[in-house]
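Undergrad:
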Amino acid sequence: MRYLKVSLENAEEEDKQYYYDVKSKLGKGGDYEELQAENKKLKKKIKSLKKERDEYKELISLFKSKLDV
């Protein structure tokens, strides 16, 4: 849940709605295993997005170094 809270301010509307749906499930005693599976999917997505972000940072630094030449 804390991963969702951290990125909620930068999230798309669909992601925000998902966060509130999960939060409401927790409040109603939602299925813990189902939420764990969703959490695992989200962790994989976060990991892939971080990798993509790092690739973009590398490309930006490469581009900046080419501009400086």
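So that you can map any letter, position 5 of the sequence shown is 8 in our numbering, and since no number is skipped, the others follow by simple counting. For glycine and all other residues, C-beta sits at the position ideal for the given N, C-alpha and C. Bear in mind that the values here come from a model prediction, so they are computed numbers and not experimental data.
1) Work out the CA separation of D71 and S51 for me, nearest whole Å.
2) Indicate the three-state DSSP secondary structure (helix, strand or coil) for D24 in the structure shown.
3) Would you kindly work out how many angstroms separate the C-alpha atoms of E61 and K54, rounded to a whole number?
4) Rounded to whole angstroms, what's the CA-CA distance from L65 to E37? Just pull it up for me.
TA: In brief:
1) The straight-line gap from Cα to Cα measures roughly 30 Å.
2) DSSP places D24 in helix when its eight states are reduced to three.
3) Each residue's alpha carbon lies about 11 Å from the other.
4) Roughly 42 Å separates the two Cα atoms.
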